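Residue numbers (my numbering): 1 to 108. Right, one structure below, let's go through it.
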């Protein structure tokens with residue numbers, strides 16, 4: 001399953017999909033389906049146990065995630081997410097030097 005290619009992706013939301021991977025004591029059908037989708041899409045679950053709010057990413061590079069524990073008058077909390085520089089995309093290219101062609105790895 002391709003979602004973003006090489007682009008950065010951050011998804012946050014109240015998924016209402018209980019699963020033991022994100023802190024519930026049980027897993028629902030919806031939670032199992034979401035866990036399968038996360039795995040198939042190659043997403044990373046950023047948060048610690050903060051049900052029901054989840055933060056997922058792909059190709060995000062250096063990222064920090066924090067639950068501020070600020071109360072919004074519900075079962076939700078303010079989450080702080082900071083994105084660093086995106087990861088360098090590495091590739092190979094042919095380089096000609098002194099009449100010889102060689103392959104070199106470099107950031108794009």
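Note that the Cβ used here is the ideal one computed from N, Cα and C, for glycine as well. Everything numeric in this text was worked out from a predicted model, so none of it was measured.
I'd like to check one pair, residue j with residue i: are the Cβ atoms closer than 7 angstroms?
{"i": "residue 110", "j": "residue 46", "result": "As displayed, the chain neither begins before 1 nor continues past 108, which places residue 110 out of reach and without an answer."}
Count the other CB atoms, across all protein chains shown, that sit within 10 Å of the CB of residue i; report buried if there are 16 or more and exposed otherwise.
{"i": "residue 25", "result": "exposed"}
{"i": "residue 82", "result": "exposed"}
Which same chain residues end up closer than 7 angstroms to residue i when comparing Cβ atoms and leaving out the 5 residues on each side of it in sequence?
{"i": "residue 70", "result": "77 and 78"}
{"i": "residue 14", "result": "52, 53 and 76"}
{"i": "residue 84", "result": "61, 62 and 63"}
Report whether the distance from the Cβ of residue i to the nearest heavy atom of the ligand SAH is below 6 angstroms.
{"i": "residue 76", "result": "As presented, the structure is devoid of all ligands, the ligand SAH included, so that no description of it is given."}
Short of 8 angstroms in beta carbon distance, which residues of its chain neighbour residue i, apart from the five on each side in sequence? Order them along the chain.
{"i": "residue 12", "result": "53, 54, 55, 56, 79 and 81"}
{"i": "residue 72", "result": "78"}
Skipping 5 residues on each side, what residues in its chain have a beta carbon closer than 6 angstroms to that of residue i?
{"i": "residue 20", "result": "27"}
{"i": "residue 17", "result": "30, 31 and 34"}
{"i": "residue 68", "result": "78 and 80"}
- Query: Is there contact between the region 26-35 and the region 59-74, where contact requires at least three CB pairs shorter than 8 angstroms?
  - Reply: Short answer: they don't touch.
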